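Novice: Numbering-wise, this note's numbering puts 1 at position 16 of the sequence shown, and it's gapless, one number per residue.
Got a structure for you, questions after.
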Amino acid sequence: SRDRDGFVLGEGAWIFIVEERERARRRGAKIYAEILGYGATCDAHHRVRVDESGEEPARAMRLALEEAGLTPADVDYINLHGTSTVLNDRIETRAVKLAFGERAYRIPMSATKSLIGHPQGACGAAGLAAALLAVHEGFIHPTINLDVPDPECDLDYVPHRGRRAHVRVALINCLSFGSKNAALVVGRDEE
């Protein structure tokens, strides 16, 4: 929302069991998704702020897609870092546009922190949980409190109401203090 003024602290913990697909199948585990790719960058721009160009977070997303052997056209959902700070939201929007080009305008994306607050060190896990549910259950949670759109944040943030969608591949985006950026790509286990 154009009138946003920062995040609300949150708290949370998530537990994921990560194991080889064949082992999970042998034991009859419910597989929510498969980890397809990961990308990380750190430009040491500032101890708190992210560089306004958005290039390093975009590079992390491109690296994750490259490792997964995918293109922007393959991504059905993005879970944003989405801190509700004016600068970070604009930088993240810019980064998504750099990484995805015109495709960025057609990918639904939402900010989990709008629902639960900012769980600080656990925010990547919160984003992963939301992405796993999108892939496994076909539901993209909304970005709430997005009442007054910011003209510089002009993508599909799934405002106010969740959405049913066929999500085969999701990308989780994290931007952190110290200019550390990470992106994880997960996908439906289709074998």
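Idealized CB from N, CA, C, for every residue including glycine.
Just so you know, these numbers come straight off a predicted model, no measurement behind them.
(1) Is it buried or exposed, His145, if we count other Cβ atoms within 10 angstroms and call 16 or more buried?
(2) Once you ignore the five residues that flank Lys165 on each side, which residues in its own chain have a CB closer than 6 Å to its CB?
(3) What span of residues does the alpha helix (DSSP H) with Ser99 cover, start to end?
(4) If Asn158 and Ala115 are in contact, beta carbons under 8 Å, what's the gap, nearest whole angstrom?
(5) Look at Val154 and Leu55 and say whether their C-beta atoms are less than 8 Å apart.
(6) Among Ser38, Leu50, Lys15, Gly102, whose alpha-carbon lies nearest the alpha-carbon of Gly67?
(7) Below 8 Å on the Cβ atoms is my contact criterion, and I expect Ser95 with Ile125 to pass it. Report the Cβ-Cβ distance as a whole number of Å.
(8) For Gly163, does the three-state DSSP call read helix, strand or coil?
(9) With a Cβ-Cβ cutoff of 8 Å, do Val152 and Ala119 count as a contact?
Specialist: Reading off the structure:
(1) It is exposed - the Cβ of His145 has fewer than 16 other Cβ atoms within 10 Å.
(2) Only Cys27 meet the Cβ criterion.
(3) It spans 98 to 101 - the alpha helix (DSSP H) in which Ser99 sits, taken as one unbroken run.
(4) Distance from Asn158 to Ala115 at the Cβ level is roughly 12 Å; contact not present, criterion being Cβ atoms closer than 8 Å.
(5) In this structure, Val154 lies near Leu55, with their beta-carbon atoms less than 8 Å apart.
(6) Restricting attention to Ser38, Leu50, Lys15, Gly102, the CA atom closest to the CA of Gly67 is found in Gly102.
(7) The beta carbons of Ser95 and Ile125 sit about 6 Å from each other, so the pair counts as a contact at 8 Å.
(8) The answer is helix: DSSP assigns Gly163 an H, G or I state.
(9) Taking a C-beta distance under 8 Å as the contact criterion, Val152 and Ala119 qualify as a contact pair.
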